[in-house]
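Enquirer: Read in order, the letters of the sequence shown are residues 2 to 80 in my numbering. Glycine included, every Cβ here is placed at the ideal spot set by N, Cα and C. Sharing a structure here in structure tokens format.
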Amino acid sequence: MVRALPRQFINTAKMHLMYTLDAAGKRVYTLKKVLNGEVTKSAHPARFSPDDKYSRHRVTLKKRYNLLLTQQAEAPVKA
């Protein structure tokens, strides 16, 4: 019979892959949050949800400040 471990013994800490840029602009991956005094960035993409709760507000703001593509002047076509 296998018994589940009590909640206090389960390690809930998660390691997240982080990165920083070297002198050549290449990513250097690590698990540390701070590497050589430099704060690292997450190497994981942001969560995506097809249910966008805030799109209506973004469109309203873009309309208000004339940033919609339909409100832009037509760009000249380069041949």
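1. Taking the DSSP output, what are the residues bridged to Glu75?
2. Looking at the strands, I want to know which residues DSSP matches up with Val29.
3. Going by other Cβ atoms of all chains shown within 10 Å of its Cβ, with 16 needed for buried, is Thr61 buried or exposed?
4. Under the rule that 16 or more other beta-carbon atoms within 10 Å means buried, what is Thr71, buried or exposed?
Expert: Based on what the coordinates show:
1. DSSP, once it has assigned bridges, lists no residue as partnering Glu75.
2. Thr21
3. exposed
4. exposed
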